[in-house]
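Whatever position you read off the sequence shown (first residue = 1), add 6 for my numbering. Before any comments, here is the structure.
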Amino acid sequence: MSLFALCALRSNDTRCVLRVKEPRRRQLPCRPMKPAFTLPEVLVAILVFAVGILGLASTGAFIAIQAGEARAITEGAVLAGRVLDSLRSVPCASVSTGQLTQLPATVRWTASPANRTVAVDASLDLTSRRGSRQWLIRTLLPCER
């Protein structure tokens with residue numbers, strides 16, 4: 007600690023007065039605080055962002071799977087419609103049981119003759135990643151006599 011003396015002359019006193027002064031503590035310049043985030047706040051924000059991104063990615067994958075299954079169901083329904091249309095164009099005596107497969111769909115049908123009609127029971131089977139699904143279709147084909 008360094009001390010220094012000041013000699014002050016007073017107007018009516020000619021003697022030197024020794025004043026001891028302590029050095030000032032060094033003060034850092036006072037800057038205004040900038041708004042900032044703490045480390046836990048940043049980590050929580052990153053965690054929330056990561057969960058959101060993972061949710062978005064899984065939603066995209068789910069939509070792609072659903073769109074693929076919807077396409078397969080549509081193709082199967084079109085196939086069943088074609089089969090039934092082709093059975094309508096055949097004479098009633100020629101309608102018989104059968105099966106048609108175009109992956110991933112299979113259409114099976116049975117024909118039962120009735121009075122002036124043929125009853126057709128068809129089943130549409132679809133296979134997908136989640137297993138197989140089946141739809142039953144029942145229709146009557148008119149016969150001309």
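Beta carbons: idealized from backbone N, C-alpha and C, even for Gly.
| query | result |
| --- | --- |
| Contact check, Val124 vs Trp115, beta carbons under 7 Å | no |
| Test item: CB-CB of Leu106 and Val84 under 7 Å | no |
| Segment contact, 8 Å Cβ cut-off, at least three pairs: the segment 127-145 with the segment 66-86 | yes |
| Nearest candidate by alpha-carbon position, reference Leu146, set Glu28, Leu130, Arg122 | Arg122 |
| Whole-Å CB distance - Leu130 paired with Ala86, under 8 Å assumed | 5 Å |
| Nearest residue (CA-CA) to Leu45, options Pro38, Leu53, Met39 | Leu53 |
| Sheet register partners of Gln105 (DSSP bridge) | Arg114 |
| Between the CA atoms of Pro29 and Cys36 - distance to the nearest angstrom | 20 Å |
| Where the alpha helix (DSSP H) through Thr133 begins and ends | Run containing Thr133: none in the alpha helix (DSSP H); it sits in the beta strand (DSSP E), 123-134. |
| Identity of the residues DSSP links to Leu49 by a beta bridge | Leu49 is not bridged to any residue. |
| Per DSSP, the bridge partner or partners of Pro148 | Thr123 |
| Ala117 and Val101 closer than 7 Å at C-beta | yes |
| Where Gly58 falls, given that 16 or more other Cβ within 10 Å makes a residue buried | exposed |
| Buried versus exposed call for Leu93 [16 or more other C-beta atoms within 10 Å across all chains shown] | buried |
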